[in-house]
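**Q** So for the sequence shown, the working numbering puts the first residue at 320; every next one is plus one.
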Amino acid sequence: MNHEFGAELRRRRVHAEISLNEMARRLNFSKGYLSKIENGRQPPTEQLARLADAELGANGELAALVQRAGPDPPNGDSPVDFAHPNRREVLAFGSSLFLPLGINEADAETAAEDPQTRLYYRDQFDQLRKRGQQSAPGLVLRTIAVEYCTLVELAEAAPYPSSRASFEILAARYAEYAGWMAQEAGDNQSSMAWTRQSAKLAESAGDQALAAYALVREAELAMYARDAARTISLAQQAQQHPGADPRVLALAAHREAQGHAMLNNSRDCRAALDRAETLLANGVPDGPGGSPLGSTTVADLNLAVSGWCTFDLGLPKQAAELLERALARTAPTARRARAMFGARLALAYEATSDLDRMCEVASQVIAIAQPIGSATARTELRRLTRAMARRHNYRPAKQLHVEITAALFGFPVS
320 MNHEFGAELR RRRVHAEISL NEMARRLNFS KGYLSKIENG RQPPTEQLAR LADAELGANG
380 ELAALVQRAG PDPPNGDSPV DFAHPNRREV LAFGSSLFLP LGINEADAET AAEDPQTRLY
440 YRDQFDQLRK RGQQSAPGLV LRTIAVEYCT LVELAEAAPY PSSRASFEIL AARYAEYAGW
500 MAQEAGDNQS SMAWTRQSAK LAESAGDQAL AAYALVREAE LAMYARDAAR TISLAQQAQQ
560 HPGADPRVLA LAAHREAQGH AMLNNSRDCR AALDRAETLL ANGVPDGPGG SPLGSTTVAD
620 LNLAVSGWCT FDLGLPKQAA ELLERALART APTARRARAM FGARLALAYE ATSDLDRMCE
680 VASQVIAIAQ PIGSATARTE LRRLTRAMAR RHNYRPAKQL HVEITAALFG FPVS
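#1: If you follow the alpha helix (DSSP H) that N340 is in, where does it begin and where does it stop?
#2: Using 8 Å as the Cβ pair cut-off and three pairs as the minimum, do the segment 576 to 585 and the segment 631 to 641 touch?
#3: Secondary structure at A476, three-state DSSP: helix, strand or coil?
#4: Go through its chain and collect everything with a Cβ distance to R483's Cβ below 7 Å, but skip five positions before and after it.
#5: Can you round the beta-carbon distance between T652 and Q452 to whole angstroms, since I take them to be within the 8 Å contact cut?
#6: Which stretch, first to last residue, makes up the alpha helix (DSSP H) that contains T704?
#7: Excluding five sequence neighbours on each side, which residues of the same chain lie with their C-beta closer than 6 Å to the C-beta of R331?
#8: How should Y440 be labelled, buried or exposed, when 16 other C-beta atoms within 10 angstroms of its C-beta is the threshold for buried?
#9: Could you pull the start and end residues of the alpha helix (DSSP H) that G661 belongs to?
#10: Could you give the distance in angstroms between the alpha-carbon of A639 and the alpha-carbon of Y479?
#11: Return the chain-ordered list of same chain residues with a C-beta closer than 6 Å to the C-beta of Y571, the five sequence neighbours on each side being excluded.
#12: For E366, does the count of other Cβ atoms within 10 angstroms reach 16, so buried, or fall short, so exposed?
#13: Could you pull the start and end residues of the alpha helix (DSSP H) that V624 belongs to?
#14: Is the segment 447 to 461 touching the segment 658 to 676, taking contact as three or more C-beta pairs under 8 Å?
#15: May I ask whether a heavy atom of the ligand ADP can be found less than 7 Å away from the beta carbon of E522?
#16: When you compare only the Cα positions, how much space is there between D433 and E466?
#17: Would a C-beta distance cut-off of 8 Å place A501 and L520 closer than the cut-off?
#18: S509 to L540, Cα distance in whole Å?
#19: Quick check: the Cα distance between A530 and I463, rounded to an integer number of angstroms?
#20: From S552 to A538, what distance separates their C-alpha atoms?
#21: What is the DSSP secondary structure of Y713, reduced to helix, strand or coil?
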């Protein structure tokens with residue numbers, strides 16, 4: 320594999336009439352390192368492959384030679400089975416959380432018919448989303464789980480189908496957000512379980528938009544697992560779902576774009592981003608249960624996702640410009656979003672050899688990511704430490720490496 324990539328890199332470079340010195344300058348790698356790559360004596364990194372692919376206009380063919388295979392999908396590539404849940408299944412899921420279930424039946428029925436009860440849980444959900452941007456995910460997840468179990472029992476106690484459905488939709492929203500918090504806590508298996516539970520409840524309540532959004536969330540989990548093919552497949556399933564509204568279609572298009580970017584497929588990536596931008600142009604409507612689906616803390620989500628994709632397409636300078644603009648429009652209180660996109664911005668600056676700005680941004684990310692425990696930000700920081708291995712002669716980078724390592728393993732930095 321090393322020899323195949325190196326030979327193809329050299330063939331394309333020579334065909335483009337670019338010297339080894341010039342290619343090293345354009346990619347911000349040393350001439351000696353590139354020579355070893357071309358001769359098969361050094362394994363290429365995924366980042367180098369993306370940069371070289373973009374520079375030589377290889378349309379993903381060069382990068383594909385070193386693409387990392389993602390993990391096997393948990394249930395193949397078929398659509399998720401959204402069978403309607405029965406009471407035993409729902410309560411068994413709650414019991415698996417080791418939470419006490421059992422509200423007095425008369426009290427539960429009275430509460431279920433009181434409109435103030437539903438308003439309370441809608442408001443509580445909005446507060447939990449805000450808290451999730453500021454606090455460690457495990458702390459938020461515990462509260463979500465308790466409220467979820469209560470909502471399930473209220474749904475069961477509701478004497479009329481309409482009130483039952485409204486509580487099921489709220490429970491589904493809580494489950495969907497629990498999946499995100501579990502992902503941020505680094506527990507992808509639990510995240511998948513919560514996401515699929517959300518889909519089942521949404522189907523039971525007849526909310527097809529939320530059921531479709533569950534596919535978007537699964538696509539996101541596949542994306543962070545670096546499984547491009549599954550990311551694209553799930554995102555396309557979400558876009559084909561009969562219940563997908565414009566907001567869900569836009570978020571699904573973002574996941575599809577990110578999947579294509581991982582494959583260095585610029586044309587399809589840009590097409591998906593354009594679709595998302597058009598769909599988001601009419602604003603962010605309320606979603607099931609009141610709050611909009613997906614992130615609402617990033618003022619220009621399409622700009623941020625475009626920056627994310629542009630980095631994966633091997634264009635770090637353009638990616639840095641896009642991400643800087645997106646973060647400038649994002650409130651300081653959106654700590655989780657700022658950590659996630661900020662870590663990717665630091666990666667972009669490393670790739671352009673703007674090491675001073677890389678250190679500045681990465682230090683900000685560490686300060687944000689540590690207290691909120693963002694697994695997604697940690698994933699990007701790990702990528703940054705691998706990329707920084709070639710910066711051993713730059714003293715600030717050495718100190719930054721120590722700080723990132725300490726942050727990743729939870730040790731205080733002296």
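Backbone N, C-alpha and C define an ideal beta-carbon position, used for all residues, glycine too.
Since the structure is predicted, the reported quantities are computational estimates derived from the model, not experimental observations.
**A** So, from the data block:
#1: Numbered from 1 along the sequence shown, position 21 holds the residue referred to as residue 340. For N340, the uninterrupted alpha helix (DSSP H) segment begins and ends at 339 to 346.
#2: yes
#3: For the purposes of this step, residue 476 is taken as residue 157 along the sequence shown, with counting starting at 1. Correct three-state label for A476: helix.
#4: Numbered from its first residue, the sequence shown carries residue 483 at position 164. If we look at R483 and ignore the five residues flanking it on each side, its Cβ neighbours are A474, A477.
#5: Locating residue 652 in the sequence shown gives position 333, where the first residue counts as 1. Locating residue 452 in the sequence shown gives position 133, where the first residue counts as 1. That pair is a contact at about 7 Å.
#6: Within the sequence shown, numbered from 1, the residue matching residue 704 stands at position 385. Run containing T704: 694 to 706, per the alpha helix (DSSP H) assignment.
#7: Position 12 of the sequence shown, counted from the first residue, corresponds to residue 331. Counting only Cβ-Cβ distances below 6 Å, and skipping sequence neighbours, we find L375.
#8: As a position in the sequence shown, residue 440 is number 121, starting the count at 1. Its Cβ being crowded by 16 or more others within 10 Å, Y440 is buried.
#9: If you number the sequence shown from 1, residue 661 lands on position 342. Residues 654 to 670.
#10: Looking up residue 639 in the sequence shown gives position 320. Looking up residue 479 in the sequence shown gives position 160. When rounded, the separation of the alpha-carbon atoms in A639 and Y479 is 53 Å.
#11: Your numbering for residue 571 matches position 252 in the sequence shown. The amino acid occupying residue 571 in the given sequence is Ala; Tyr does not appear at that position. Closer than 6 Å at the Cβ level, and outside the excluded window around A571, lie V535, A554, A557, Q558.
#12: For the purposes of this step, residue 366 is taken as residue 47 along the sequence shown, with counting starting at 1. Before going further, note that residue 366 is Gln rather than Glu in the sequence given. Result: buried.
#13: Reading the sequence shown from its first residue, position 305 is the one you call residue 624. Where V624 is concerned, the enclosing alpha helix (DSSP H) stretches over 620 to 631.
#14: no
#15: Annotation note on the ligand ADP: not contained in the displayed structure, which lists no ligands.
#16: By one-based count along the sequence shown, residue 433 stands at place 114. By one-based count along the sequence shown, residue 466 stands at place 147. For D433 and E466, the gap between their C-alpha atoms comes out near 17 Å.
#17: Locating residue 501 in the sequence shown gives position 182, counting from the first residue. Locating residue 520 in the sequence shown gives position 201, counting from the first residue. No, the Cβ-Cβ distance between A501 and L520 is not below 8 Å.
#18: Your numbering for residue 509 matches position 190 in the sequence shown. Your numbering for residue 540 matches position 221 in the sequence shown. Between S509 and L540, the C-alpha separation is close to 11 Å.
#19: In the sequence shown, the residue the question calls residue 530 occupies position 211. In the sequence shown, the residue the question calls residue 463 occupies position 144. Roughly 19 Å separates the two Cα atoms.
#20: For the purposes of this step, residue 552 is identified with residue 233 of the sequence shown, where counting begins at 1. For the purposes of this step, residue 538 is identified with residue 219 of the sequence shown, where counting begins at 1. Rounded to the nearest angstrom, the two C-alpha atoms are 8 Å apart.
#21: Residue 713 sits at position 394 when you count from the first residue of the sequence shown. Y713: coil per DSSP, three-state reduction.
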